[in-house]
Amino acid sequence: MAKLPTVAVVDGIVTADGGLLPYLVLLLLLMLLLILIIILIACKPWRVFSRNYRSRTVKATTSSDVLDVERPLVSQDSDIVQSNITEHATNFASEDSCHQNDGHQNSSRTHGLSYKHKLPPTPSHFSHDGSLILDISDEDVVVGQTLKRPSLANDSVGEQKYSTKEDLSYKSGIRLENDSSKQFMSRSTADQRSILTLKVISGPSSGAHYSIQSTNKSKLPLTLGRVSPSDVLVTDSEVSGKHAMINWNLNKLKWELVDMGSLNGTLLNSKTVHHPQTGSRHWGDPVELTSGDIITVGTTSKISVQITSQFHKVPFGVGVVSDPMSVRKGGKKLPMEDVCYYHWPLPGVDQFGLFGICDGHGGAAAASFASKIMPEMVTRILSDTFRREKVFSHCDASDVLREAFSQTEAHMDHLYEGCTATVLLIWADGHDNYFAQCANVGDSACIAIVEGQQVKITEDHRIASYTERLRMQAAGEPLKDGEKRLCGLNLARMLGDKYLKQQDARFSSEPYISQVVYMKSESRDFAIMASDGFWDVVNPKKAIQLVHQIRERNCDDASAENIAKLLLSEARAQRTKDNTSIIFLDFDTNHHHDMMMDHEA
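1 is the number of the first residue of the sequence shown in the numbering used here; add one for each residue after it.
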C-alpha cells in the first residue's frame with residue numbers, strides 16, 4: 001500500500017513531507033503568472049512601439065474620394081501642406097488650432113530629400129473642395145520615408161469660428177514656394193483692398209458711421225455692440241454688449257457678418273443670421289455682405305452697408321446720403337425702406353458703372369434683394385463682348401437695361417413686398433466725358449443738367465400720372481374717374497408684389513428707358529437721383545438752384561458729398577414724411593480732380 005503524505009504542525013508552522021511540496025510551488029508560479037498578465041493588460045506597453053508607426057501614417061483625401069499614397073514625401077508635398085494651412089489660417093481658425101500654430105509658422109523650404117521638415121499641426125480632416133489634405137501629427141517627419149496607405153476617414157469638420165483680434169496675431173507670412181501659391185497671394189493682395197462703410201440709419205445712435213479698409217489688419221475683425229471696446233457703438237438697450245462681428249474673408253474676397261450670440265438677434269435684409277436658439281449665446285454662421293445691405297441689431301437699430309473698391313475710385317464726384325426721416329418734427333423715426341447703391345466699375349467691365357435707388361413698400365426686403373440682383377444682371381449681360389461692343393457702337397444700352405429689369409423681376413419671389421427701382425448706367429468715352437442712360441419703375445426720379453439744360457430721364461409711374469392712365473387705357477382696362485389707387489397701392493409699376501400682379505394685370509414691371517445723355521466735364525454737368533421722399537417736398541427747379549448756389553458760394557465746400565447733404569437738409573427742413581435717399585453725381589471732373597489733390601495734400 002502507498003504511503004500517504006503527512007502534515008504536521010510544529011510551533012505554529014505547517015510542515016509536509018516531500019510529496020506535497022511540488023504542488024505548492026506550481027500553485028505559486030500560476031499565481032505569479034496571473035498577476036503578470038493582469039499588469040500587462042492594464043499597462044498596454046505595446047502602444048509605445050506602435051506610436052511612431054501611427055504618427056507617420058498619412059491620410060490623403062480630396063472632395064470626391066480617398067487617394068492611396070505610398071510614395072516618398074518629397075518637398076512638393078510639404079509645400080501643398082503649407083499652402084493649405086495658409087489658405088485656412090488667414091481667415092478662420094478653430095479656437096484650439098489658433099494657439100497650437102503659434103511658433104510653427106516660419107518653416108522654410110530646403111532642397112533635398114533626406115532632411116527633417118517640421119510641419120505645423122492642423123485640424124484633422126479639414127475639408128476643402130479640390131484640395132489635397134494631409135493629416136500629420138506634430139512629430140518630426142523624415143522626408144523620403146515611404147508612407148503607408150491610409151484608411152478611409154469619415155470624421156466631419158468641426159464648427160469654425162471667427163478669431164478674435166488677439167488670435168489673429170499669428171497671421172505672419174508663411175513662405176509659399178510653389179507658383180500656384182504665389183499667384184493666389186498676389187491676386188489676393190491686388191483684389192482684397194475693399195472699403196467698408198457702415199452708417200446707423202435708425203435707432204438711438206442714428207447718424208453714427210464707421211469706415212475701414214480690408215488691408216487694415218490691426219483693426220479687423222470689427223465688432224458691433226452697445227459698450228466699449230466695440231468698434232461701432234450702438235447705444236441701444238436692445239443691443240448686446242458684443243452683438244455682432246464683421247471680418248474680411250481672404251479666400252472669398254468678401255466682407256462677412258456673424259452674430260456673436262446676441263440676446264435679441266441680428267437681421268440682414270430682414271432675414272435672421274443669428275443662431276436658431278436666440279439668447280443661447282451660440283454664434284451664428286457667417287453670411288456675406290454686399291453694398292446696399294441693411295443690418296438690424298436688436299429690433300430698431302438699422303445699419304446701412306456700403307462697399308467700394310480702393311483701386312477703382314470713381315472718376316467723377318459722387319455723394320450718397322439717406323435719412324429715414326420722422327413722422328413729425330422731433331417724432332419717432334420711420335422704418336428705413338430705401339436702399340442706395342453704386343458700383344464703379346462693374347466687375348470685369350471696367351468702363352461701365354451702375355448707380356441706383358430702390359424704395360421699398362411693405363418692408364425693406366424687396367428693395368435690398370433688387371439692389372443686389374440688378375447689378376449682377378447688368379454685369380452678366382455686359383460681360384458678353386458682343387453686347388458690350390454693341391453699346392459702344394450704337395451709344396445705347398436700352399436692350400441691356402430692359403433685359404436686366406426682366407431678369408431681376410424673374411428672380412424676385414416677394415409676394416407681398418415690392419419696390420421702385422431707378423438705375424443710371426454710365427460708361428466712359430475715354431476723354432473724361434460720359435454717356436448716361438436711365439431706366440426706372442415707380443416714382444423715384446432722376447434729373448440731369450446737360451449743358452445747362454434740365455433733362456428729366458425718368459417717368460412717374462404713380463396711378464394718378466397721365467402716362468400710366470394712357471397705358472392702362474390702351475390695354476383696354478382704363479381707370480375710373482378719380483381712381484388713384486389699385487388694391488390700395490398708389491404705384492402701377494414696381495418690382496416684386498407678385499400677389500398684386502396676379503390679382504390685377506394692370507400692374508407692371510416694364511421699365512421706362514430714357515434716351516442717352518452725354519455728360520461733359522467742361523459744361524459742369526450733374527445729375528440728381530432721389531426717392532419720392534425728396535421730390536415730394538423739393539421740386540427739380542429748387543434742387544437745381546441749391547446746387548448752383550453752393551457751387552458759386554464756396555468752391556471748397558462744393559464736393560459731391562456736401563451738395564448731397566445740402567439737398568437732404570432741404571428735404572428735412574420742408575418736413576418730408578417719407579424715407580429720403582439722394583445720389584448726387586458731379587461730372588465737373590476738373591473740380592473733382594482739384595478736390596482730390598487738395599485732400600491728398
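Note that CB positions come from ideal geometry on N, CA and C, so glycine has one too.
Give me whichever residues DSSP pairs with residue i in a beta bridge.
i: A421; result: V441
i: N247; result: E256
i: S202; result: K302
i: W344; result: Looking at the DSSP assignment, W344 forms no beta bridge with any residue, so it has no partner.
i: V232; result: L224
i: G602; result: This structure leaves residue 602 out entirely; the chain is present only between 1 and 601.
i: F526; result: I449 and D586
i: Q549; result: In DSSP, Q549 forms no bridge with anything.
i: Q196; result: Looking at the sequence provided, one finds Leu at residue 196 rather than Gln. I212 and I307.
i: S581; result: S322
i: M602; result: Residue numbering for the chain in the displayed model covers 1 to 601; residue 602 lies beyond these limits and cannot be assessed.
i: G356; result: Y341 and V423
i: K271; result: L268
i: K456; result: I447
i: R493; result: S508
Is residue i near residue j, with beta carbons less than 8 Å apart?
i: I457; j: F534; result: no
i: V349; j: L401; result: no
i: S322; j: Y341; result: no
i: M374; j: Y434; result: no
i: I463; j: N490; result: yes
i: H361; j: G418; result: yes
i: I295; j: L257; result: yes
i: S194; j: I357; result: no
i: A244; j: D259; result: yes
i: S444; j: S531; result: yes
i: V623; j: L222; result: Nothing can be reported for residue 623: it is not among the residues displayed for the chain, which extend from 1 to 601.
i: M336; j: A364; result: yes
i: S509; j: F405; result: yes
i: D293; j: S368; result: yes
i: I563; j: G319; result: yes
i: E477; j: R506; result: yes
i: G442; j: D359; result: yes
i: G496; j: H414; result: yes
i: T197; j: S214; result: no
Between residue i and the rest of its own chain, which residues show a CB-CB distance below 7 Å, the 5 nearest in sequence each way excluded?
i: R187; result: In this predicted model, R187 has a pLDDT of only 35, less than 50, meaning its place in the structure is not dependable enough to derive any value.
i: L566; result: L546 and I550
i: G241; result: G225, R226 and V227
i: N154; result: Any answer about N154 is weak, because its pLDDT of 37 lies below 50 and its placement is not dependable; what the coordinates show is given next. Here the set comprises nothing.
i: R485; result: I463
i: Q454; result: I447, P540 and I544
i: Y416; result: G362 and Y499
Which residue's Cα is closest to the Cα of residue i: the options?
i: S558; options: I246, V423, I38 and D586; result: Just to set this straight, residue 558 is Ala in the shown sequence, not Ser. Of the candidates I246, V423, I38 and D586, the one whose C-alpha sits nearest the C-alpha of A558 is D586.
i: F584; options: Y512, D460, A474 and L424; result: L424
i: K302; options: D443, D504, D236 and G442; result: D236
i: V287; options: S280, T299, Q549 and H274; result: H274
i: S291; options: T278, L26, N269 and M529; result: N269
i: K498; options: H411, C43 and E561; result: H411
i: T266; options: K484, E238 and D384; result: E238
i: K511; options: T299, W255, D399 and S368; result: The identity of residue 511 in the sequence shown is Pro, whereas the question assumes Lys. Of the listed residues, the one whose Cα sits closest to P511 is D399.
i: N216; options: G203, N247 and P229; result: N247
i: S202; options: R388, L334 and R471; result: L334
i: M494; options: S465, L30, N249 and T420; result: T420
i: G261; options: N251, T272 and K254; result: T272
i: G317; options: L40, A42, L30 and E561; result: E561
i: T580; options: K542, M529 and T300; result: M529
Which residues in the same chain have their Cβ closer than 6 Å to the Cβ of residue i, if we skip the five residues on either side of it in sequence?
i: S156; result: Reliability fails at S156, whose pLDDT of 35 lies under 50, so the model's placement of it is uncertain and no value is given.
i: A397; result: V391, L425 and Q437
i: H209; result: K199
i: R469; result: L479
i: G298; result: D236, E238, V239 and N264
i: H282; result: G261 and H275
Is any beta-carbon of chain D found at less than 8 Å from that of residue i?
i: V314; result: The displayed structure is made up of one protein chain only, and chain D is not part of it.
Got a sec? Which residues, its chain only, sit under 8 Å from residue i by beta carbon, not counting five neighbours each side?
i: Q515; result: Q437 and I457
i: E403; result: M377 and I381
i: G353; result: V314, Y342, H343, W344, P345, L346, L425, I426 and W427
i: K332; result: S326
i: Q503; result: C487
With contact counted as at least three CB pairs below 8 Å, one residue from each stretch, are the stretch 447–461 and the stretch 519–531 in contact? yes
Three or more C-beta pairs closer than 8 Å, one from the stretch 565–583 and one from the stretch 535–554: is that the case here? yes
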